[in-house]
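Protein sequences appear in the order of chains A and B.
First residue of the first sequence: 8, per the numbering used here; consecutive thereafter.
First residue of the second sequence: 8, per the numbering used here; consecutive thereafter.
The structure under discussion appears below in the form of structure tokens.
Protein chains: 2
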Amino acid sequence: MDAISIATAGEVFDLLRDDLAAIEQEFARQSASNVAVITDIAQYLIAGGGKRIRPLLLLLSAKALGSTSHSRIRLGAVVEMLHTATLVHDDIIDEADTRRGRPSSNTTWGNSKCVLAGDWLYMQAFSAALEERNFHVLDLLISLTQQMVEGELLQIEKLGHLINEEEYFDLIFRKTACLFKVSMQLGAAVTHATDEVEAQLGEYGRNLGLAFQIVDDVLDLTATEEVLGKPVASDLREGKATLAVIHALERGTGADREAIRTVLADRSFQQVTHPQILEILKRHGSIEYAMDTACAYAEAARQSVADLPETEAKRALLWVPGFVTSRDR
Amino acid sequence: MDAISIATAGEVFDLLRDDLAAIEQEFARQSASNVAVITDIAQYLIAGGGKRIRPLLLLLSAKALGSTSHSRIRLGAVVEMLHTATLVHDDIIDEADTRRGRPSSNTTWGNSKCVLAGDWLYMQAFSAALEERNFHVLDLLISLTQQMVEGELLQIEKLGHLINEEEYFDLIFRKTACLFKVSMQLGAAVTHATDEVEAQLGEYGRNLGLAFQIVDDVLDLTATEEVLGKPVASDLREGKATLAVIHALERGTGADREAIRTVLADRSFQQVTHPQILEILKRHGSIEYAMDTACAYAEAARQSVADLPETEAKRALLWVPGFVTSRDR
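If you want it as structure tokens, here you go:
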């Protein structure tokens, strides 16, 4: 691929600055309720930041197809709201204490209010999407949300158990790649693109989402608490086997497998320490394997948009996968 | 009103038997997921029964306007699914042990799975409603769900506090009457009735829903555990003041007010017993006041459909309010 066709971070930011600011405003506007506690929780979640990568994808998808309608702003806010709703419910389920370096919302407001705040955010997202008066947009969003919720339930069923790669990929598709895919598809849907173009952009989102989540899972194993804004190795502590761990399980010695099995079953590092697990993963090249897999999906994402006309947005889409795989948080 | 124009229970059941059976089938079909635990929870909730009063209202509303389309079956299942979704999340919030005489779903499956099962039921309801390809239907359902969720949050905010009648009526509108209203409106929407007719039928639902919830709240105070299928006076135990209690608070002596205040603040009958509270309510005629209020709303419901053409469905609509106010569970 021609190096000159890939944008820089600065160019991408310049390209999207106004739209991202508009989405931020729309997100804030949509999160105001006449029930004070909802507004409080929603504003807290907005202020918590996050990478806004889902709206960014939607914007780039729409821009790559030449859209300038307000729909991209509204739906950009919608995908971020849906993402936020899933985080609120996930934090209840995972009994998370922190999220992005701050107390999680359930710690501050309690589970009851956060169950309902999550429900409200889902409904608000659908309510905003409904203003588009586009059934296809609603089909995409409702089906997406159901797949995400099912994924989270499947995840709970598998906690503490050894899973294989196929199960892992199904889980991360539902957890992350599915919303990346739909964000890209929505960008196409608002431009009334052909099914083929929408599918192609969706494929970019799916590949990018898989790469993104694999990297997220690697960082959970290898980064520090200061960088992550949450305790390290929380996946293992919650009984979740991710790609590097699955790789080591399949290649490790009996003792290696037993050590990993123990941590997953105990959901703690009391019997086997975090450095011991990292040593096992390093010995089998499991971290590299996971990162190589992420990079392969990143490359597949780039390939998915190869046929698009040459635009700034396309150059930005070619930049995103490298950003995703090289980030450290 | 002419006595002869009101149906009997047997006539209503004959009129709706086939449709209610079809809704039961549709509800079961819609509740099957490829994620086993969702199907388990959903089937458990369906088997738990419930009065199916929301689908019944939707059917009568549609029938009163001459509809025979499949939409009434599909949307009948949708309103029951939405109702079920709110119950699942409410049981988590109220930390309920029992529901309709059986262990509540959260007791059996735990909070995490039930948060997600509730989410899934919401999405499944919207997904089914989306098949109608009718934006007005979706507007009604999404706005309804948001109002219900906000109501539950407002309820939490007011737990343990004294509230006035206005606050009480806002809460029971959101908790119950809002879905009754929308069930009636949906019956009109699928027949493409005029806005005026839809509003009239909605008004019937609102009045009936208020009557229904006032009676529910009275039964919580006065019925026995065997009849209710859950502990008596659970509202007071959860810190919820309902209409009869609010009436007694406004008319009681200082000692009466203090006794009620204590139970609400303690959320238990340790300092003041349930019979003591019942004595206060009886002394001030508060139970009668609440029942009279319910009967007035029931009558208002009947008046709301007075202008409808004379049909079997109209006669049934005239029967429902009396059924609602005279039930003992």
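Don't be surprised by glycine CBs; every beta carbon is placed ideally from N, CA and C.
Interface partners of residue i on chain B, CB under 9 Å
{"i": "L123 (chain A)", "result": "H96, I100, V156, E157, E159, L160, I163"}
Alpha carbon of residue i to alpha carbon of residue j, nearest angstrom
{"i": "G7 (chain B)", "j": "G216 (chain A)", "result": "In the structure as shown, chain B begins at 8 and stops at 336. Residue 7 (chain B) is therefore absent and cannot be evaluated."}
{"i": "I48 (chain B)", "j": "I13 (chain A)", "result": "49 Å"}
{"i": "C121 (chain B)", "j": "V239 (chain B)", "result": "24 Å"}
{"i": "L325 (chain A)", "j": "A297 (chain A)", "result": "21 Å"}
{"i": "K165 (chain A)", "j": "E232 (chain B)", "result": "39 Å"}
{"i": "F20 (chain A)", "j": "A136 (chain A)", "result": "26 Å"}
{"i": "S293 (chain A)", "j": "H254 (chain A)", "result": "6 Å"}
{"i": "D126 (chain A)", "j": "T260 (chain A)", "result": "46 Å"}
{"i": "D146 (chain A)", "j": "V222 (chain B)", "result": "39 Å"}
{"i": "I30 (chain B)", "j": "R264 (chain B)", "result": "47 Å"}
{"i": "L82 (chain A)", "j": "P62 (chain A)", "result": "8 Å"}
{"i": "Q37 (chain A)", "j": "Y175 (chain B)", "result": "27 Å"}
{"i": "E317 (chain B)", "j": "H281 (chain B)", "result": "47 Å"}
{"i": "F235 (chain A)", "j": "R336 (chain A)", "result": "With the sequence shown as reference, residue 235 (chain A) is identified as Leu, and Phe is not the correct amino acid for it. Their Cα atoms are separated by approximately 6 Å."}
{"i": "V204 (chain A)", "j": "E173 (chain A)", "result": "27 Å"}
{"i": "A262 (chain A)", "j": "T46 (chain A)", "result": "51 Å"}
{"i": "L97 (chain B)", "j": "A16 (chain B)", "result": "According to the sequence displayed, residue 97 (chain B) carries Asp and not Leu. One C-alpha to the other measures close to 31 Å."}
{"i": "L23 (chain A)", "j": "E257 (chain A)", "result": "43 Å"}
{"i": "M8 (chain A)", "j": "L151 (chain A)", "result": "Residue confidence is low: M8 (chain A) scores 47 on pLDDT, short of 50, so the model does not pin down where it sits. Its coordinate-derived value is still stated next. Answer to the nearest angstrom: the Cα atoms are 32 Å apart."}
{"i": "A303 (chain A)", "j": "K182 (chain A)", "result": "19 Å"}
{"i": "D177 (chain B)", "j": "V279 (chain B)", "result": "28 Å"}
{"i": "Q406 (chain B)", "j": "A266 (chain B)", "result": "Here chain B covers residues 8 to 336 and nothing more, so residue 406 (chain B) does not appear."}
{"i": "Q283 (chain A)", "j": "V42 (chain B)", "result": "35 Å"}
{"i": "L27 (chain B)", "j": "V252 (chain B)", "result": "36 Å"}
{"i": "D202 (chain B)", "j": "Q220 (chain A)", "result": "49 Å"}
{"i": "N214 (chain B)", "j": "M191 (chain B)", "result": "11 Å"}
{"i": "S40 (chain B)", "j": "S40 (chain A)", "result": "33 Å"}
Beta-carbon spacing of residue i, residue j below 7 Å
{"i": "A196 (chain B)", "j": "V156 (chain B)", "result": "no"}
{"i": "V85 (chain B)", "j": "A132 (chain B)", "result": "yes"}
{"i": "M130 (chain B)", "j": "I149 (chain A)", "result": "yes"}
{"i": "L193 (chain B)", "j": "L65 (chain B)", "result": "yes"}
{"i": "L52 (chain A)", "j": "A92 (chain A)", "result": "no"}
{"i": "I163 (chain A)", "j": "S119 (chain B)", "result": "yes"}
{"i": "A301 (chain B)", "j": "T332 (chain B)", "result": "yes"}
{"i": "A323 (chain B)", "j": "L67 (chain B)", "result": "yes"}
{"i": "A305 (chain B)", "j": "P328 (chain B)", "result": "yes"}
{"i": "V270 (chain A)", "j": "L243 (chain A)", "result": "yes"}
{"i": "F187 (chain A)", "j": "G212 (chain A)", "result": "yes"}
{"i": "L185 (chain B)", "j": "Q154 (chain B)", "result": "The sequence given here places Cys at residue 185 (chain B); Leu does not occur at that position. Yes."}
{"i": "K58 (chain B)", "j": "A320 (chain B)", "result": "no"}
{"i": "G246 (chain A)", "j": "R274 (chain A)", "result": "yes"}
{"i": "S76 (chain B)", "j": "E139 (chain B)", "result": "no"}
{"i": "I100 (chain A)", "j": "N113 (chain A)", "result": "no"}
{"i": "A54 (chain A)", "j": "V95 (chain A)", "result": "no"}
{"i": "A248 (chain B)", "j": "I170 (chain B)", "result": "yes"}
{"i": "K289 (chain B)", "j": "T105 (chain B)", "result": "no"}
{"i": "T198 (chain A)", "j": "S74 (chain A)", "result": "yes"}
{"i": "G167 (chain A)", "j": "A272 (chain A)", "result": "yes"}
Proximal residues of chain B, C-beta to C-beta of residue i below 7 Å
{"i": "Q192 (chain A)", "result": "Those do not exist, as Q192 (chain A) stays about 16 Å from chain B at its closest Cβ, beyond 7 Å."}
Chain-ordered chain A contacts of residue i [CB-CB under 8 Å]
{"i": "K345 (chain B)", "result": "No information on residue 345 (chain B) is available, as it lies outside the stretch 8 to 336 that chain B covers here."}
{"i": "L137 (chain B)", "result": "F142, L145, D146, I149"}
Chain B residues whose Cβ lies nearer than 8 Å to that of residue i
{"i": "Q153 (chain A)", "result": "W127, M130, Q131, S134"}
C-beta neighbour in chain E for residue i, strict 7 Å
{"i": "Q277 (chain B)", "result": "Among the protein chains of the structure shown, namely A and B, there is no chain E."}
If contact means a Cβ-Cβ distance below 8 Å, which residues of the region 90-116 of chain A contact chain B?
Cβ contacts with chain B come from H96, I99, I100.
Chain-ordered residues of the region 27-59 of chain A with a beta carbon less than 7 Å from chain B:
Taking a C-beta cut-off of 7 Å against chain B, the contacting residues of the region 27-59 of chain A are S40, V42, V44, I45, listed in chain order.
Pick out the complete alpha helix (DSSP H) segments inside the region 102-168 of chain A, 4 residues or longer, and give them in chain order.
If we require 4 residues or more, the alpha helix (DSSP H) runs fully inside the region 102-168 of chain A come out as 112-116, 118-137, 142-165.
Which runs of the alpha helix (DSSP H) spanning at least 4 residues fall entirely within the region 187-247 of chain B, listed in chain order?
The qualifying runs are 202-229, 232-235, 241-244.
Just list the alpha helix (DSSP H) runs in the region 239-309 of chain B, keeping only unbroken ones of 4 residues or longer that don't cross its boundaries, in chain order.
Whole alpha helix (DSSP H) segments, 4+ residues: 241-244, 250-258, 261-273, 281-290.
Which whole runs of the alpha helix (DSSP H) in the region 21-97 of chain B are 4 residues long or more, in chain order?
Runs of the alpha helix (DSSP H) inside the region 21-97 of chain B: 43-54, 60-71.
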